[in-house]
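*Asks:* Just so you know, the working numbering puts the end of the sequence shown at 392, numbered straight through with nothing missing. Think of the CB as a built atom: it goes at the ideal place given N, C-alpha and C, for glycine as much as any other residue. The structure presented is a predicted model; accordingly, all values stated were derived computationally and were not measured. Could you have a look at this structure, given as structure tokens, before my questions?
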Amino acid sequence: MKVKEVDSSILRDTEKFSKKISGVLKNQRFFEHFSKKHNLKLFALYTYNLSNIQKSKAVRFVYCLKGRGNEQGIVKGLNGKFLAPGCFLIPIKNDKEMQDVFKLWGIKFKRKLMLTN
276 MKVKEVDSSI LRDTEKFSKK ISGVLKNQRF FEHFSKKHNL KLFALYTYNL SNIQKSKAVR
336 FVYCLKGRGN EQGIVKGLNG KFLAPGCFLI PIKNDKEMQD VFKLWGIKFK RKLMLTN
């Protein structure tokens, strides 16, 4: 496959991105601007581990995230999607609410910004 033409704005943005990658990774505004400019969607990728949490608290927290019976969990309610146990995506517009849930429960988590089409 041969590439005939490359959008120069993507190259310029990619160069800027790679030069400033260490400082920019935590800059949500940059990701929002980049995603709009290149028609990408911005998500927060959450990972967590409940192995060091009391079992009953861990079960209640999972019910909170995934739901139980006919009740919808918070992840689905925020238009998120589970990728694997302990790992899910949330649209950036709902990111603050998800962070608040983890803080309320006192659960440690990791969060990364992610662009996708």
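DSSP three-state call for GLY352: helix, strand or coil?
*Replies:* Looking up residue 352 in the sequence shown gives position 77. Of the three classes helix, strand and coil, the one that applies to GLY352 here is helix, per DSSP.
*Asks:* In the DSSP assignment, find the alpha helix (DSSP H) that holds LYS341 and state where it starts and stops.
*Replies:* Numbered from 1 along the sequence shown, position 66 holds the residue referred to as residue 341. Run containing LYS341: 330-341, per the alpha helix (DSSP H) assignment.
*Asks:* Using a Cβ-Cβ cut-off of 7 Å (strictly less than) and excluding sequence neighbours within five positions of GLY381, which residues of its own chain qualify?
*Replies:* Numbered from its first residue, the sequence shown carries residue 381 at position 106. No residues qualify anywhere along the chain.
*Asks:* Give the DSSP bridge partners of GLY387, in chain order.
*Replies:* Locating residue 387 in the sequence shown gives position 112, counting from the first residue. The amino acid occupying residue 387 in the given sequence is Lys; Gly does not appear at that position. BP columns for LYS387 point to LEU320.
*Asks:* Can you tell me the Cα-Cα spacing of LEU315 and LYS387, whole angstroms?
*Replies:* Stepping through the sequence shown from its first residue, residue 315 is reached at position 40. Stepping through the sequence shown from its first residue, residue 387 is reached at position 112. Distance between the alpha carbons of LEU315 and LYS387 is about 16 Å.
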